[in-house]
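Visitor: Below: one structure in structure tokens.
Residue numbers (our numbering): 986 to 1245.
Take a look at the structure:
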């Protein structure tokens, strides 16, 4: 009998492993969260009301710029065999609607998340999402934006963007921005933001549909971020720039501050 058990040891191990995976993914999320929350430490997003299970659950994530959003996910059970669980993710509130795939890399030494990988994320963003960041630059924008093909990786430990690609299409709308000492009100046409990496800096180059540069938004590895704007943006909304020697590509406005 012992010989038969020994011969079937791999099947027993597989059965035990399967049982443990099923047990973990079906554990109530609120039970897991009470142990995971202290290990994660202070986060920029406040987590509330986790419900469901690790396999299929939902929670409320309260971010300062976005407000409370409902996050729903469905986990791939087989991915728990690796140190990189994969899940299908949805984020939804009146300002943001996003859907895509995500993976969380786990540090096996501490058993805490070390990075988040986003794959093929798409959705809708209201301009109010960026209102706080734009306010520091004395800029306000109205209108909606469509996000598509967003892929990227964010290191939770160093708080750095490791990779980034994607596209953001702004539908157009009213905008306010400073020109010299005056605040200008204008109607902005459709613009396209192309996301990518320049060395270790995450950037979004904003262009017209014809491919002409308008502005640049960036986030550096040290947590400093900002934006710059070209004279072409002023021409686009029918305003005059006092410096007659400035070309369309002259940078007329630039600001940066600590973000992360």
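The beta-carbon is built from N, C-alpha and C at its ideal position, and this holds for glycine as well.
#1: So the beta strand (DSSP E) residue 1187 belongs to, where does it begin and stop?
#2: State the start and end residues of the unbroken beta strand (DSSP E) segment that holds residue 1323.
#3: Would you call the CB atoms of residue 1191 and residue 1176 closer than 9 angstroms?
#4: Given residue 1202, which residues of its chain have a CB within under 6 angstroms of its CB, disregarding the five upstream and five downstream residues?
#5: How far does the alpha helix (DSSP H) with residue 1216 in it reach, from first residue to last?
#6: Compute the Euclidean distance between the alpha carbons of residue 1200 and residue 1240, then round it to the nearest angstrom.
#7: Taking 6 angstroms as the limit between beta carbons, can you name the residues of its chain near residue 1133, skipping five residues before and five after?
#8: Would you list the residues sitting across from residue 1086 in a DSSP beta bridge?
#9: Out of 1045, 1091, 1056 and 1174, point me to the one whose CA is closest to residue 1075's CA.
#10: Quick check on the burial criterion: 16 or more other C-beta atoms within 10 angstroms. Buried or exposed for residue 1148?
#11: Suppose the cutoff is 6 angstroms on Cβ atoms and the five residues either side in sequence are ignored; what does the same chain contact list for residue 1219 look like?
#12: Between the C-alpha atoms of residue 1086 and residue 1145, what's the straight-line distance to the nearest angstrom?
#13: So, at 8 angstroms on beta carbons, what are the nonlocal neighbours of residue 1136 in its own chain, with the 5 sequence-adjacent residues on each side left out?
#14: Beta carbon of residue 1228, beta carbon of residue 1217: below 9 angstroms?
#15: Looking at residue 1033: is its Cβ nearer than 9 angstroms to the Cβ of residue 1048?
#16: What is the C-beta distance between residue 1142 and residue 1099, in whole angstroms, given that I count them as a contact (C-beta under 8 angstroms)?
Guide: Result, derived from the coordinates:
#1: For the purposes of this step, residue 1187 is identified with residue 202 of the chain shown, where counting begins at 1. Here the beta strand (DSSP E) through residue 1187 covers 1186-1192.
#2: Nothing in the structure corresponds to residue 1323, since the chain is present only between 986 and 1245.
#3: Here residue 1191 is taken as the residue at index 206 of the chain shown, counted from 1. Here residue 1176 is taken as the residue at index 191 of the chain shown, counted from 1. Yes, these two residues count as a Cβ contact at 9 angstroms.
#4: Indexing the chain shown from 1 puts residue 1202 at position 217. Excluding sequence neighbours, residue 1202 sits near 1189 and 1212.
#5: By one-based count along the chain shown, residue 1216 stands at place 231. First-last of the alpha helix (DSSP H) with residue 1216: 1216-1221.
#6: Along the chain shown, one-based indexing puts residue 1200 at 215. Along the chain shown, one-based indexing puts residue 1240 at 255. For residue 1200 and residue 1240, the distance between alpha carbons rounds to 12 angstroms.
#7: Residue numbering aside, residue 1133 sits at position 148 when the chain shown is read from its first letter. Only 1107 and 1152 meet the Cβ criterion.
#8: As a first step, residue 1086 must be located in the chain shown, where it is residue number 101. DSSP output for residue 1086 lists 1073 and 1104 as bridge partner(s).
#9: In the chain shown, the residue the question calls residue 1075 occupies position 90. The residue with the shortest Cα to Cα distance from residue 1075 is 1056.
#10: Looking up residue 1148 in the chain shown gives position 163. Exposed.
#11: Locating residue 1219 in the chain shown gives position 234, counting from the first residue. 1226, listed in sequence order.
#12: Locating residue 1086 in the chain shown gives position 101, where the first residue counts as 1. Locating residue 1145 in the chain shown gives position 160, where the first residue counts as 1. Going from the Cα of residue 1086 to the Cα of residue 1145 covers about 20 angstroms.
#13: Position 151 of the chain shown, counted from the first residue, corresponds to residue 1136. Closer than 8 angstroms at Cβ, skipping near neighbours: 1103, 1104, 1105, 1106, 1148, 1149, 1150 and 1151.
#14: Within the chain shown, numbered from 1, the residue matching residue 1228 stands at position 243. Within the chain shown, numbered from 1, the residue matching residue 1217 stands at position 232. No, they are not a contact pair.
#15: As a first step, residue 1033 must be located in the chain shown, where it is residue number 48. As a first step, residue 1048 must be located in the chain shown, where it is residue number 63. No, Cβ-Cβ distance for residue 1033 and residue 1048 is not below 9 angstroms.
#16: For the purposes of this step, residue 1142 is taken as residue 157 along the chain shown, with counting starting at 1. For the purposes of this step, residue 1099 is taken as residue 114 along the chain shown, with counting starting at 1. With a Cβ gap of about 6 angstroms, residue 1142 and residue 1099 count as contacting.
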